[in-house]
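Heads up: the sequence lines are chains R and E, in that order. Quick note on my numbering: the first sequence kicks off at 6 and runs consecutively. Quick note on my numbering: the second sequence kicks off at -17 and runs consecutively. Just so you know, even glycine gets a beta-carbon here, dropped at the ideal spot from N, CA and C. Step one of this worksheet: look at the structure below.
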Amino acid sequence: MSDHEYTPKSKVGKWFNDRLPLLTLANHLTDYPTPKNLNYWWTFGGILTFCLITQIVTGLVLAMHYIAHADMAFDSVEHIMRDVNYGWLIRYIHANGASMFFLAVYIHIFRSLFYGSYKSPREIIWIIGIIIYLLMMAAAFMGYVLPWGQMSFWGATVITNLFSAIPLVGEGIVTWLWGGYSVDNPTLTRFFTLHYLIPFLILGLVVLHIWALHVPGNNNPVGIDIKKPSKDTVPFHPYIVIKDGFALLMFMIVFAFFVFYTPNILGHADNYIEANPLVTPAHIVPEWYLLPFYAILRSVPDKLLGVVAMLSAILILAALPWLDTSKIRSAVFRPLYKQFYWILVADVLILGYVGAMPAEGLYLLIARVATAYYFLHFLVILPVLGLKEKSLPLPLSITEPILGGSPNLSTAKNRESLKN
Amino acid sequence: MSEKKTNRRDFLFTATYAVGAVGAGAVIWPMIDQMNPDASVKALASTEVDVSSVNPGKTITVLWRGKPVFIRRRTEDEIAEARSVKLEELKHPETDEDRAKNPEWLVMLGVCTHLGCVPLDQKGDYNGWFCPCHGSHYDISGRIRKGPAPTNMEIPEYEFVDANTIKIG
Ligand code: HEM
Ligand code: FES
């Protein structure tokens, strides 16, 4: 929060700002004091905003050519690919954009896990983030249904059927979601409506997310509060804008690589076969970004419990600020947590891998162990660790390690031995 | 506070909120119910299928209410196998006699009761159906034997209109 009162220089600006303080807002955003030690893991917020805007713009254009009808959807997507000027480009950006969006959000989430960004006073930022993540999954799932290929149809069938696990009312809910007795035209039209709506809900939540962020300000790699704004921070513009911009360019190179060189590698060939309610593809797998949760679902042999485990795996994240009992934010100063953090990263990657494999034999066993470990991490390791772990001494300020070298473990240790 | 008598204003508040709640409910329900199957979807209630060309040991799949229905003409061996299974061995105990009134014809929804995929014919550990999605094995009576599916494949309402025609629904 900028502490000074802002007055526009020009008379017109002042006149306008007295009536609608947009310029005050713009000034707050440019002057916004940012910890000067932010590293590149902090650039993913900006990258995510870019992804959302990209999806909205390309999505609006696709919606001008797409026809949400079970008999025409598949052909209309092919029409976009072959007939519409630059249709292929727009569709490939949109389809790969969804993957890029998830890539960025996973990095953003794991950044928060490493640096303890979910801890007090940033719990609300974190929870809004989890809601955004849930909405992203809903948007991507429903978007994937729209081309009405085999994966669209069977993905929709399997995911909507998850609700049938709910005792008593489950079947009724599924029929209600479908608007019929199977996934069919009524399902497609409502999914299109929701797919169109959700990104705008996300946009609204992003505003809240950033608003909540601008109350305490950014966390930072050493995870301590700002002691002296004049020393520890730099204004958002131009410092962070340039850094974010550079990272965004790097990200766009990766994005463009997928769009132009391997536009279908992240999708499934089966989705170029039109939906057929009589035949399920031999291997149905969700998009890569949902695989870890899919693995958790399949690792539980009971239908209801499988669904409960999958949902809890996501919702448990919302309780994270209270499950992690340590007051130290950054993993840099938590030698044990740091190791468990990397085990968790490996665990989630393993879950993603087995989620793509058939659920049998060794894969199933690995999936079960990894699922158990996932919950163990959040429910047992984190609460206990916070109470038992002996953390390293924190630097006195954000500036101190910058002047004295890097804030990593060995420096901190050296410093400690020097003091003694 | 406890001494306070109900006055006209309290009454008006309560009455306004009550009417408001009823009004909100009356608006919300149609918004929810419009998503349920509409009249045209419900109208497609039954299908007649000619099964004269189905040989023993073969299954045909027909579409009913957007869902596949398996119609299998079972062989003598298959019937014997289906009827020899003891109820204790089943996760969802149902006799084959109850599932196939006419033992030669098994008519059931070809929908895996786990998450709705279409199981494959003559596959799996029990010579019946196997669902590739998450690995559910069904026997030759369509009963769940192994895997995550909780119940047997469902038997729809059907009847033989004549010797060669089955009416489903
Ligand atoms: C959160 C943002 C969004 C995400 C993650 C997302 C994701 C997706 C995905 C994964 C697909 C399937 C791509 C394919 O395989 O063909 C898709 C298709 C589609 N989306 Fe989006 N989308 C988003 C925003 C939007 C918006 C705002 C609109 C409309 C205003 C839109 C309109 C469409 C249309 C018309 C299709 C069907 C054409 C096609 O399949 O390429 N999307 N979306
Ligand atoms: S849908 Fe058949 S096993 Fe999951």
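Within the same chain, Cβ atoms closer than 7 Å to the Cβ of M86(R) are found at G92, W93 and R96, the five residues on either side in sequence being excluded. DSSP, reduced to helix, strand and coil, places Y120(E) within a strand of the structure shown.
Residue L118(R) holds the alpha-carbon nearest to the alpha-carbon of W46(R) among P38(R), D80(R), L118(R) and D76(R).
Placement of the Cβ of A364(R) at a distance of 8 Å or more from every heavy atom of ligand 1 is found. Where T147(E) is concerned, there is no enclosing alpha helix (DSSP H), although the beta strand (DSSP E) around it starts and stops at T147 to I150. When Cβ-Cβ separations below 9 Å define contact, H74(E) makes no contact with chain R. For a cut-off of 8 Å, the C-beta gap from W327(R) to M17(E) is around 36 Å, too long to register as a contact.
The closest heavy atom of ligand 2 lies 8 Å or more from the beta carbon of A161(R).
Along the stretch 95 to 114 of chain E, going in chain order, the ones with a CB nearer than 9 Å to a CB of chain R are T95, H96, L97, G98, C99, V100, P101, L102, C113 and P114.
Near ligand 2, residues with a Cβ at less than 5 Å from any of the ligand's heavy atoms are C94(E), H96(E), L97(E), C99(E), C113(E), C115(E), H116(E) and S118(E); the list follows chain order. Distance from the CA of G121(R) to the CA of A31(R), rounded to the nearest whole angstrom, comes to 29 Å. For the stretch 263 to 289 of chain R, the set of positions with a beta-carbon nearer than 9 Å to some beta-carbon of chain E reads P282, L283, V284, T285, P286, A287, H288 and I289 in chain order. At a cut-off of 9 Å between beta carbons, D20(E) contacts chain R. Judged by DSSP in its simplified three-state form, W111(E) adopts strand. Close partners of L325(R) in chain E (Cβ separation under 8 Å) are lacking, with about 29 Å as the shortest Cβ gap. Under DSSP, E30(E) forms a beta bridge with K149(E).
In this structure, the beta-carbon distance from A143(R) to V313(R) does not fall below 9 Å.
Here H273(R) is buried. Its C-beta has 16 or more other C-beta atoms within 10 Å. Contact between the stretch 119 to 129 of chain E and the stretch 138 to 148 of chain E is absent: fewer than three C-beta pairs spanning the two stretches fall below 8 Å. For I85(R), the CB falls within less than 8 Å of some heavy atom of ligand 1. The alpha carbon of E365(R) has as its nearest neighbour, out of N134(E), G129(E) and E136(E), the alpha carbon of G129(E). Annotation for F205(R) indicates a beta carbon within 8 Å of some heavy atom of ligand 1.
For V290(R), no pairing in a beta bridge is given by DSSP. Put simply, the backbone Cα of H96(E) is about 20 Å away from that of A318(R).
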